[in-house]
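So the sequence shown is numbered by numbering that gives the first Met the number 0: it starts at 0 and just counts up by one. From the three backbone atoms N, C-alpha and C, an ideal C-beta is built for every residue, glycine too.
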Amino acid sequence: MILFDNHLHLRENGRFLEAVKDFKNAGGTHFILCQLPMVNKVIIDGNYKKCYNVTLRMADKIKSEIDIGIFITLGPYPVDYIKLKDKFGRLKAIEIMEKGVDLAIKFCEEKKSVAIGEIGRPHFNVDEQTITDSNHLLLYAMERAAEIEVPIVLHTESTTHENCKEFVKMGEKVGLPPYKIIKHFSPPFIYKNENYGLMPSILASRKNIEIAFKKGNRFLMETDYIDDPFRPGAVLGPKTVPKRTLYLLENGIITEEQIYKVHQENPEKIYDISLE
Ligand SMILES: [Zn+2]
Numbered sequence: 000m001i002l003f004d005n006h007l008h009l010r011e012n013g014r015f016l017e018a019v020k021d022f023k024n025a026g027g028t029h030f031i032l033c034q035l036p037m038v039n040k041v042i043i044d045g046n047y048k049k050c051y052n053v054t055l056r057m058a059d060k061i062k063s064e065i066d067i068g069i070f071i072t073l074g075p076y077p078v079d080y081i082k083l084k085d086k087f088g089r090l091k092a093i094e095i096m097e098k099g100v101d102l103a104i105k106f107c108e109e110k111k112s113v114a115i116g117e118i119g120r121p122h123f124n125v126d127e128q129t130i131t132d133s134n135h136l137l138l139y140a141m142e143r144a145a146e147i148e149v150p151i152v153l154h155t156e157s158t159t160h161e162n163c164k165e166f167v168k169m170g171e172k173v174g175l176p177p178y179k180i181i182k183h184f185s186p187p188f189i190y191k192n193e194n195y196g197l198m199p200s201i202l203a204s205r206k207n208i209e210i211a212f213k214k215g216n217r218f219l220m221e222t223d224y225i226d227d228p229f230r231p232g233a234v235l236g237p238k239t240v241p242k243r244t245l246y247l248l249e250n251g252i253i254t255e256e257q258i259y260k261v262h263q264e265n266p267e268k269i270y271d272i273s274l275e
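Laid out in structure tokens, this is it:
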């Protein structure tokens, strides 16, 4: 049975391979390794090359040591804008992040990455200029993603019905279909009048997932594991997605057919990948 975590971060100096083994031992078969924010590296280099390379290198290491399905997403983390602006000024910050998008696109074209992300807007209150510039960058990334038909992974302020609608509309402007707009850290917004067609990636807390499966099958599951030894338990652990899914199956709350849709059919369609 395919069990898929749609959003997980790892660190070379964190639990790293041990965390992947935990995921696998709990029944996990495939996951998305999402670029970890590394703004200090970006400031030193003035570009995203090295921090993307860290993620690619981690994926290679995992593949060489553990039999597990792994896919990567790369992109300029939205909060990077703030430090980059302080260091280089607004226009240079935007330029560095646009180039970060371009480089992420190149890795998608080379099939080393399956999506652009996480990108979007800071998750805390920021000034108007930051929102304007973040929206500019997001639209740019959506436009480039639409050109090569890859999804984007959104990191934003708390998900609301209104901002789902806003992101779907932005996608429409540049030809990126709603199902290619993945809302990371989404509440269980499953119905069309809740998410406007955007693809929810739902944090795998017990409550969220039970509500989501009750409403339907059009969603993904994620932990947003951050592999930070200094903040153990700050987020869901790497076992959570397989454990929770299997618990619901064993207790007759969901069926194998539902698991197939959420863990295999949805990711295969969204990322244009095969999970056999
Ligand atoms: Zn994340």
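(request) Determine the DSSP secondary structure at residue 258, reduced to helix, strand or coil. (result) Residue 258: helix per DSSP, three-state reduction.
(message) What does the Cβ neighbour count give for residue 65, buried or exposed, with the cut at 16 atoms within 10 Å?
(response) Label assigned to residue 65: exposed.
(request) Could you check what DSSP says for residue 199 in three-state terms: helix, strand or coil? (result) Residue state, collapsed to three classes: strand.
(request) Give me the Cβ distance between residue 96 and residue 141, rounded to the nearest whole Å; I'm assuming they're in contact under 8 Å. (result) Contact between residue 96 and residue 141 does not hold, since their C-beta atoms are separated by about 14 Å, which reaches or exceeds 8 Å.
(request) Please state if the CB of residue 260 and the CB of residue 216 are separated by a distance shorter than 7 Å. (result) Contact annotation: residue 216 and residue 260 have beta-carbon atoms nearer than 7 Å.
(request) May I ask you to check if the CB of residue 256 is nearer than 6 Å to at least one heavy atom of ligand 1? (result) Of the heavy atoms belonging to ligand 1, none sits nearer than 6 Å to the Cβ of residue 256.
(request) Could you check what DSSP says for residue 282 in three-state terms: helix, strand or coil? (result) The first residue shown for the chain is 0 and the last is 275, placing residue 282 beyond what the model contains.
(request) Sort 211, 185, 81 and 144 by Cα distance to residue 37 and report the nearest one. (result) Minimum Cα distance to residue 37 is reached at 81.
(request) Closer than 6 Å by C-beta to residue 199: which residues in its own chain qualify, once you throw out the five before and the five after it? Chain order, please. (result) Cβ within range, chain order: 182, 185, 188 and 218.
(message) Nearest by alpha-carbon distance to residue 10: which of 93, 225 and 204 is it?
(response) Closest in C-alpha terms to residue 10, from the list 93, 225 and 204, comes 225.
(request) Flag this pair as yes or no: are the beta carbons of residue 180 and residue 197 separated by less than 7 Å? (result) Taking C-beta atoms as the reference points, residue 180 and residue 197 count as a pair closer than 7 Å.
(message) Tell me which residues share the same chain as residue 115 and place their Cβ nearer than 8 Å to its Cβ, disregarding the 5 neighbours each side in the sequence.
(response) Cβ-Cβ distances below 8 Å link residue 115 to 72, 73, 74, 100, 103, 104, 107, 140, 143, 144, 149, 150, 151 and 152 in the same chain, with the five nearest sequence neighbours on each side left out; the list follows chain order.
(message) Spatial neighbours of residue 173 within its chain, please: C-beta separation below 7 Å, excluding the five flanking residues on both sides.
(response) Closer than 7 Å at the Cβ level, and outside the excluded window around residue 173, lie 138, 141, 142 and 145.
(request) Can you grab the Cα-Cα spacing for the pair residue 25 / residue 90, in whole Å? (result) Residue 25 and residue 90 have their alpha carbons spaced roughly 46 Å apart.
(request) Please list, in chain order, all residues of the same chain as residue 214 whose beta carbon is under 7 Å from its beta carbon, the five residues on each side excluded. (result) These residues qualify, in order along the chain: 187, 189 and 190.
(request) Look at the Cβ atom of residue 241, then the Cβ atom of residue 27, and state whether they are nearer than 7 Å. (result) Yes.
(request) Quick one: grab the DSSP three-state call for residue 185. (result) Looking at residue 185 - three-state DSSP - the assignment turns out to be strand.
(request) Could you say which of 136, 70 and 232 lies nearest to residue 94 if we only look at CA atoms? (result) Closest in C-alpha terms to residue 94, from the list 136, 70 and 232, comes 136.
(request) Can you check DSSP and say which residues form a bridge with residue 85? (result) Paired residue(s): none; residue 85 is not in a bridge.
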